[in-house]
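K.L.:
The UniProt record's numbering puts the sequence shown at residues 1 to 96.
Backbone N, C-alpha and C fix where the C-beta goes; we use that ideal spot for every residue, glycine too.
Since this is a predicted model, take the numbers as computed values, not measurements.
Just passing along the structure, written as structure tokens.
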Amino acid sequence: MTGYDELLTSYYSERTAAIVLNLLSVAPNVFYIETYFKWNLIANDPDDNKFVDLAIAGNANYIVTNDKHFNVLRDVEFPELNVVSLNKFRELILGH
1 MTGYDELLTS
11 YYSERTAAIV
21 LNLLSVAPNV
31 FYIETYFKWN
41 LIANDPDDNK
51 FVDLAIAGNA
61 NYIVTNDKHF
71 NVLRDVEFPE
81 LNVVSLNKFR
91 ELILGH
């Protein structure tokens, strides 16, 4: 889970991050997806492209992020990507 451990340890201790990653590795609703193509859709922060590639390969319904670099994806016609903020996703889930 490269990238996630880096993100988690920026907010939590290494021990807590390891526990979360371990739980994710055995959760029945977590899927491991291999990416075979690099779309390179985010020019301003190329490191974010790994998440876009994963969302496309995994046929994700949404990319949930507050990172403004992902806003460029709203103008991409193909592949179609639904980028929403955390607050918007919360509204969608709760039906508000």
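Between V26 and N82, what straight-line distance do the alpha-carbon atoms span, to the nearest angstrom?
P.N.:
27 Å
K.L.:
Give me, in chain order, the residues of the same chain whose beta-carbon lies closer than 7 Å to that of N44; leave out the 5 immediate sequence neighbours on both sides.
P.N.:
Excluding positions up to five away in sequence, the list reads H69.
K.L.:
Do D53 and K38 count as a contact pair if the criterion is CB distance below 8 Å?
P.N.:
Yes; because the gap between Cβ atoms is below 8 Å, this pair is in contact.
K.L.:
According to DSSP, simplified to helix, strand and coil, what is M1?
P.N.:
Because the pLDDT at M1 is just 49, under 50, the model does not fix this residue reliably, and the value given afterwards should be weighed accordingly. Here M1 sits in coil by DSSP.
K.L.:
Using CA atoms only, rank isn't needed, just tell me which of Y11, E6, N40 is closest to V76.
P.N.:
When each option's Cα is compared against that of V76, the closest is N40.
K.L.:
Quick check: the Cα distance between H96 and L86, rounded to an integer number of angstroms?
P.N.:
14 Å
K.L.:
Return the first residue and the last residue of the alpha helix (DSSP H) that residue 114 is part of.
P.N.:
Residue 114 cannot be examined here, being either before or after the span of the chain that is shown, 1 to 96.
K.L.:
Is the beta carbon of G3 less than 8 Å from the beta carbon of F31?
P.N.:
Between G3 and F31, the gap from beta carbon to beta carbon reaches 8 Å or more.
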